[in-house]
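Enquirer:
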Amino acid sequence: MKIHTVVNRLFSIVYCFALILVTACSAPSTEPITTSSPAELTLYNWIDYLPQSVMDAFTEEYGITINYVYYESQEEAAQNIRAGEKYDVVVLPPELIPGLYNDGYLAPIDYSNVLNFRNVSPNFRDLAFDPGNKYSVPFHWGTTGLLYRNDLVHKEITSWSDLWDPAFDSKVGIWPIQRAVIPITLKSLGYPANSEDPAHLQRALEKMLELRKNSFLVSNVNSSIVPILTEGKAVIGYGWAYDALLIEDLPITYTIPEEGSILWSDHFVIPASSTYKRTAELFMDFLLRPEISAQIINESYYPMANDAAVPFISPEIINNPIIFPPSEVVENSEITLSLSPEGLKLYEDIWQQFIGAVPE
Numbered sequence: 049m050k051i052h053t054v055v056n057r058l059f060s061i062v063y064c065f066a067l068i069l070v071t072a073c074s075a076p077s078t079e080p081i082t083t084s085s086p087a088e089l090t091l092y093n094w095i096d097y098l099p100q101s102v103m104d105a106f107t108e109e110y111g112i113t114i115n116y117v118y119y120e121s122q123e124e125a126a127q128n129i130r131a132g133e134k135y136d137v138v139v140l141p142p143e144l145i146p147g148l149y150n151d152g153y154l155a156p157i158d159y160s161n162v163l164n165f166r167n168v169s170p171n172f173r174d175l176a177f178d179p180g181n182k183y184s185v186p187f188h189w190g191t192t193g194l195l196y197r198n199d200l201v202h203k204e205i206t207s208w209s210d211l212w213d214p215a216f217d218s219k220v221g222i223w224p225i226q227r228a229v230i231p232i233t234l235k236s237l238g239y240p241a242n243s244e245d246p247a248h249l250q251r252a253l254e255k256m257l258e259l260r261k262n263s264f265l266v267s268n269v270n271s272s273i274v275p276i277l278t279e280g281k282a283v284i285g286y287g288w289a290y291d292a293l294l295i296e297d298l299p300i301t302y303t304i305p306e307e308g309s310i311l312w313s314d315h316f317v318i319p320a321s322s323t324y325k326r327t328a329e330l331f332m333d334f335l336l337r338p339e340i341s342a343q344i345i346n347e348s349y350y351p352m353a354n355d356a357a358v359p360f361i362s363p364e365i366i367n368n369p370i371i372f373p374p375s376e377v378v379e380n381s382e383i384t385l386s387l388s389p390e391g392l393k394l395y396e397d398i399w400q401q402f403i404g405a406v407p408e
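Using our numbering, read the sequence shown as starting at 49 and increasing by one per residue.
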């Protein structure tokens, strides 16, 4: 499937909000928890990526606590799944999911246990990376852009290439996320965000090594780059719509570069090694209840692909163009896709050289 087709299918939800006919709100499950159900369910996710209030509500209703384990990169999460680490629900991006299910590391989802999947927008279902949603349930999605200190940066920021401006020497904050940094660099060069062309990637490597000299890596234990910008350690960096909503009265601007955003999405999966697959499905079904999805959105500021949640979302959030971007932003964006085995090796080789380089 062509990239633009995937983008149109995945993100045309922004056109649909005004036309949504909301389905009836799903009643809480009445199925009893059996003695074989766990006292604890392990969720493997980004730090601070699911409101504690939502996990507490699940625990109160079902008597199952959430063991929240966070990772520093989604590549790390995939590696740990392959290594046999025990998790029940994991949050992963589209590009990592096909390889895991093709190699037998993900369990197929029994949708008779996830009836609230009916609330998911058709635009987020049956996508190329997981036909029929056999192994994944959509979670969050949003834009990637640039954040900068408008009181310290004395120029208009319009391009991904602004990250390479020598005026920002040692004041560029870079999240060490492979499938963000490489696509950003490719787009700054005018190449597709998912290019596997060796010539494109060689040029990207050269430019990434230039960036490494002029930047520092932001630890993924941070939940946002905004405090780092506020402290003045960085004056510019890349981030997400969530970061923009933390700005408030701070002298920080979030902008989508003229080359276009990289749209991201995250999805719930169940590792094949999970002992509690049925309870993992119960948890996903709980999160897809309209009022629970809305609670997640209202507290985290990340969109979810849940049409039935719309009436419960705060008007300030659903009408915010940073959270739910206008059609022109979506149309000028790309998403990261899964790579061929050859492409994966090229990307990993480039990434290790970038990470291993010593800043000057």
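Cβ atoms here follow ideal geometry from the backbone N, Cα and C, with glycine treated the same way. This structure is a prediction, so every number in the text was calculated from the model and none was measured.
Going by the beta-carbon positions, is the gap between residue 282 and residue 370 smaller than 7 angstroms?
Expert: Here residue 282 refers to the residue found at position 234 when the sequence shown is read from its first residue. Here residue 370 refers to the residue found at position 322 when the sequence shown is read from its first residue. Cβ distance not < 7 angstroms, so residue 282 and residue 370 don't count as in contact.
Enquirer: So what's residue 186 in DSSP terms, helix, strand or just coil?
Expert: For the purposes of this step, residue 186 is taken as the residue at position 138 of the sequence shown. In the three-state scheme derived from DSSP, where H, G and I count as helix and E and B as strand, residue 186 is classed as strand.
Enquirer: What distance in whole Å lies between the Cβ atoms of residue 331 and residue 137, which are believed to be in contact at a cut-off of 8 angstroms?
Expert: Locating residue 137 in the sequence shown gives position 89, where the first residue counts as 1. Locating residue 331 in the sequence shown gives position 283, where the first residue counts as 1. With 8 angstroms as the limit, residue 137 and residue 331 qualify as a contact, their Cβ atoms being about 6 angstroms apart.
Enquirer: Closest to residue 278 by C-alpha separation, out of 285, 379, 271 and 300, would be which residue?
Expert: As a position in the sequence shown, residue 278 is number 230, starting the count at 1. Ranking the options by Cα distance to residue 278, first place goes to 300.
Enquirer: To the nearest angstrom, how far is the alpha carbon of residue 387 from that of residue 373?
Expert: Sequence index remark: in the sequence shown, residue 387 carries index 339 (1-based). Sequence index remark: in the sequence shown, residue 373 carries index 325 (1-based). Spanning the two alpha carbons is a distance of roughly 27 angstroms.
Enquirer: Going by beta carbon distance, what residues of the same chain come within less than 7 angstroms of residue 328, once the five residues before and after it are set aside?
Expert: As a working note, residue 328 is residue 280 in the sequence shown. A distance below 7 angstroms between beta-carbons, with the five flanking residues on each side excluded, links residue 328 to the following residues of its chain, in chain order: 89, 136, 137, 318 and 322.
Enquirer: Taking a contact to mean a Cβ-Cβ separation below 7 angstroms, would you say residue 405 touches residue 234 in this structure?
Expert: Residue mapping note: residue 405 aligns to position 357 of the sequence shown, counting from 1. Residue mapping note: residue 234 aligns to position 186 of the sequence shown, counting from 1. Judged by beta-carbon spacing, residue 234 lies beyond the 7 angstroms limit of residue 405, meaning their Cβ atoms are not closer than that value.
Enquirer: Would you mind stating whether residue 202 and residue 314 have Cβ atoms separated by less than 7 angstroms?
Expert: The residue given as residue 202 occupies position 154 in the sequence shown. The residue given as residue 314 occupies position 266 in the sequence shown. Result no, Cβ atoms of residue 202 and residue 314 do not sit closer than 7 angstroms.
Enquirer: Does residue 123 get closer than 7 angstroms to chain B when you measure Cβ to Cβ?
Expert: No chain B is present in this structure, which holds just one protein chain.
Enquirer: When you compare each of 305, 173, 169 and 131 to residue 153 by their alpha carbons, which one comes out closest?
Expert: Locating residue 153 in the sequence shown gives position 105, where the first residue counts as 1. Of all alpha-carbon atoms in 305, 173, 169 and 131, the one lying nearest the alpha-carbon of residue 153 is that of 131.
Enquirer: With a threshold of 16 other CB atoms inside 10 Å of the CB of residue 296, please say whether the residue is buried or exposed.
Expert: Taking the sequence shown and counting its residues from 1, the one referred to as residue 296 is at position 248. By the neighbour-count rule (16 or more Cβ atoms within 10 Å), residue 296 is not buried but exposed.
Enquirer: Rounded to the nearest angstrom, what separates residue 143 and residue 231 at their Cα positions?
Expert: Residue 143 sits at position 95 when you count from the first residue of the sequence shown. Residue 231 sits at position 183 when you count from the first residue of the sequence shown. Straight-line Cα distance between these residues: approximately 12 angstroms.
Enquirer: Which residue wins for smallest C-alpha separation from residue 367, given the options 351, 396 and 115?
Expert: Position 319 of the sequence shown, counted from the start, is the residue given in the question as residue 367. When each option's Cα is compared against that of residue 367, the closest is 351.
Enquirer: With residue 274 as the anchor, note down where its alpha helix (DSSP H) starts and where it stops.
Expert: Position 226 of the sequence shown, counting from 1, holds the residue named residue 274. Per DSSP, residue 274 belongs to the alpha helix (DSSP H) from 274 to 279.
Enquirer: For the alpha helix (DSSP H) that contains residue 291, what are its first and last residues?
Expert: Your numbering for residue 291 matches position 243 in the sequence shown. From DSSP, the alpha helix (DSSP H) with residue 291 extends over 289 to 292.
Enquirer: Can you tell me whether DSSP reads residue 202 as helix, strand or coil?
Expert: The residue you call residue 202 lines up with position 154 of the sequence shown. Reduced to three states, the DSSP call for residue 202 is coil.
Enquirer: How would you label residue 215, buried or exposed, when you count the other beta carbons within 10 angstroms and need 16 or more for buried?
Expert: Numbered from 1 along the sequence shown, position 167 holds the residue referred to as residue 215. Answer is exposed; the Cβ neighbour count stays below 16.
Enquirer: So what's residue 319 in DSSP terms, helix, strand or just coil?
Expert: Counted from its first residue, the sequence shown places residue 319 at position 271. Note: residue 319 maps to strand in three-state DSSP.
Enquirer: If residue 99 sits next to residue 348, beta carbons under 8 angstroms apart, how far is it from one beta carbon to the other, in whole angstroms?
Expert: By 1-based counting over the sequence shown, the position of residue 99 is 51. By 1-based counting over the sequence shown, the position of residue 348 is 300. Residue 99 to residue 348, Cβ: 6 angstroms. Contact.
Enquirer: Apply the 10 Å Cβ neighbour rule to residue 125 and answer buried if 16 or more other Cβ atoms are within range, or exposed otherwise.
Expert: The residue you call residue 125 lines up with position 77 of the sequence shown. Result: buried.
Enquirer: Nearest CA to the CA of residue 302: which residue from 194, 127 and 325?
Expert: The sequence position of residue 302 within the sequence shown is 254, counting from 1. Comparing Cα positions, the closest option is 194.
Enquirer: Go ahead and pull the three-state DSSP assignment for residue 404.
Expert: Within the sequence shown, the letter at position 356 stands for residue 404. It is helical.
Enquirer: So what's residue 197 in DSSP terms, helix, strand or just coil?
Expert: Here residue 197 refers to the residue found at position 149 when the sequence shown is read from its first residue. DSSP places residue 197 in the strand class (E or B) of the three-state scheme.
Enquirer: What would DSSP say about residue 93, mapped onto helix, strand or coil?
Expert: Along the sequence shown, read from residue 1 onward, the residue named residue 93 stands at position 45. Strand, per DSSP.
Enquirer: Whole angstroms is fine: what's the gap from residue 79's alpha carbon to residue 380's?
Expert: For the purposes of this step, residue 79 is taken as the residue at position 31 of the sequence shown. For the purposes of this step, residue 380 is taken as the residue at position 332 of the sequence shown. Summary for residue 79: the model assigns pLDDT 43, below 50, so the residue's position carries little reliability, and this model does not support an answer.
Enquirer: Where residue 398 and residue 392 are concerned, what is the direct C-alpha to C-alpha distance, given to the nearest angstrom?
Expert: Counted from its first residue, the sequence shown places residue 398 at position 350. Counted from its first residue, the sequence shown places residue 392 at position 344. Distance between the alpha carbons of residue 398 and residue 392: 10 angstroms.
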